[in-house]
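Remarks on the structure that follows.
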Amino acid sequence: MCEDLFVKIQIAESAVKPAPLRESLEPAPLPTVEGGFQTVLADPPWRFANRTGKVAPEHRRLDRYSTMELDDIKALPVAKHCAKNAHLYLWVPNAMLPDGLAVMEAWGFRYISHIIWAKRRKDGGPDGRGVGFYFRNVTEILLFGVKGSMRTLPPARSQVNMIESRKREHSRKPDEQYPLIEACSPGPWLEMFARHPQPGWVAWGDESGDEAPRGAVSKGYAGGAIERHGVDIPELAKYERIQDVEADALAADLHDMYERLGFSIRDIAAETGFTITRVRALLDRAGADIRPRGAVPALQAQG
Ligand SMILES: C[S@@+](CC[C@H](N)C(=O)[O-])C[C@H]1O[C@@H](n2cnc3c(N)ncnc32)[C@H](O)[C@@H]1O
Numbered sequence: 001m002c003e004d005l006f007v008k009i010q011i012a013e014s015a016v017k018p019a020p021l022r023e024s025l026e027p028a029p030l031p032t033v034e035g036g037f038q039t040v041l042a043d044p045p046w047r048f049a050n051r052t053g054k055v056a057p058e059h060r061r062l063d064r065y066s067t068m069e070l071d072d073i074k075a076l077p078v079a080k081h082c083a084k085n086a087h088l089y090l091w092v093p094n095a096m097l098p099d100g101l102a103v104m105e106a107w108g109f110r111y112i113s114h115i116i117w118a119k120r121r122k123d124g125g126p127d128g129r130g131v132g133f134y135f136r137n138v139t140e141i142l143l144f145g146v147k148g149s150m151r152t153l154p155p156a157r158s159q160v161n162m163i164e165s166r167k168r169e170h171s172r173k174p175d176e177q178y179p180l181i182e183a184c185s186p187g188p189w190l191e192m193f194a195r196h197p198q199p200g201w202v203a204w205g206d207e208s209g210d211e212a213p214r215g216a217v218s219k220g221y222a223g224g225a226i227e228r229h230g231v232d233i234p235e236l237a238k239y240e241r242i243q244d245v246e247a248d249a250l251a252a253d254l255h256d257m258y259e260r261l262g263f264s265i266r267d268i269a270a271e272t273g274f275t276i277t278r279v280r281a282l283l284d285r286a287g288a289d290i291r292p293r294g295a296v297p298a299l300q301a302q303g
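Okay, structure coming up:
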């Protein structure tokens, strides 16, 4: 009877465990420096799941790299590689804030404060291309924690806890974080789960040595894009092929124009300069619910 209940609980638990989209990787040992790192920046490969335990569709399409179980992230022996007194800057997705705090604690740091990355469009407005089931996320959280006792360096006193900059490739964090951290927290600096190694920093992560990290997206997503309606549109020749990664991101943007902004396929073609066929194919790729020709978008129909 009791055993039955145990089996049921086990089944229920495994049913809500998010299934990895890619195989998980065994983490390599963390690097060491004499005296330990005084500052760590980490952007873990969180595994997203919705309440049914399925990977949410918006994250499925954003799959770019292997993810890790929360317990495996927590089990990384970060404290052992740090100095007695150290700072931690930990990126956490809005929906996973409690997990971020749990990881911070498991790594031996106590939460002090956080920095918000406000994603901006070229014109300075909020970049509404983020995903989100309840709200459209235009911010990300960088938690700040301390191990032992150590104040931030004097420049931190005039450093506001916000970074405002434009988004780049999928999941790439703003470069502004490096000078900010260097000014506020002492080295040696370690970046965990790094993809774009920085001079003066020790980088660790399965893509830290890649010349072209898997998250890298080419044209139109490198900060210098043409921008209309808050959507970055790369310029493409009529039959120019695009890579899968770029097509996914572009499809998501067009989907946004179609469903959220209420553009018709024809409008999108006119705005982007793409052929109707390309627009349709990209909307299909994003799983858009194609409206009958001439139909009023749901949003406008609601008034
Ligand atoms: C959220 S991304 C980091 C993005 C990076 N901060 C940037 O700005 O581009 C997480 C990274 O962790 C890497 N990763 C996944 N599993 C890993 C593992 N077991 N050990 C080390 N790195 C891993 C992924 O490949 C990915 O590069």
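Residue numbers for the sequence shown follow UniProt numbering, so the first one is 1 and each next one is one higher. The beta carbon of each residue, even a glycine, is placed where N, CA and C say it ideally should be. Bear in mind that the values here come from a model prediction, so they are computed numbers and not experimental data.
Am I right that residue i and residue j are in contact with their C-beta atoms under 8 Å? What's the rounded C-beta distance?
i	j	result
residue 203	residue 191	5 Å
residue 41	residue 104	Not really, about 13 Å apart at Cβ, beyond 8 Å.
residue 268	residue 254	6 Å
residue 86	residue 150	7 Å
residue 188	residue 37	5 Å
residue 148	residue 112	Between residue 112 and residue 148 the Cβ distance is about 12 Å, and since that is not below 8 Å, they are no contact.
residue 97	residue 141	7 Å
According to the neighbour-count rule (16 or more other Cβ atoms, all chains shown, within 10 Å of its Cβ), is residue i buried or exposed?
i	result
residue 272	buried
residue 243	exposed
residue 158	exposed
residue 39	buried
residue 119	buried
residue 199	exposed
residue 209	exposed
residue 127	buried
Alpha carbon to alpha carbon, what distance is there between residue j and residue i?
i	j	result
residue 194	residue 173	10 Å
residue 89	residue 78	12 Å
residue 152	residue 74	25 Å
residue 26	residue 72	9 Å
residue 139	residue 260	19 Å
residue 295	residue 257	15 Å
residue 286	residue 92	26 Å
residue 29	residue 164	34 Å
residue 114	residue 95	15 Å
residue 178	residue 185	10 Å
residue 43	residue 175	13 Å
residue 292	residue 48	34 Å
residue 280	residue 262	15 Å
residue 101	residue 45	15 Å
Which stretch, first to last residue, makes up the alpha helix (DSSP H) that contains residue i?
i	result
residue 103	97-106
residue 276	276-285
residue 182	177-184
Which residues mark the beginning and the end of the beta strand (DSSP E) in which residue i is found?
i	result
residue 92	82-92
residue 67	Run containing residue 67: none; DSSP gives neither H nor E here.
residue 114	110-120
Flag residue i as yes if its beta-carbon sits less than 8 Å from any beta-carbon of chain C, otherwise no.
i	result
residue 272	Of the chains in the structure shown, none is chain C; there is only one protein chain.
Touch check for the region 119-136 and the region 66-73: three-plus C-beta pairs under 8 Å? no
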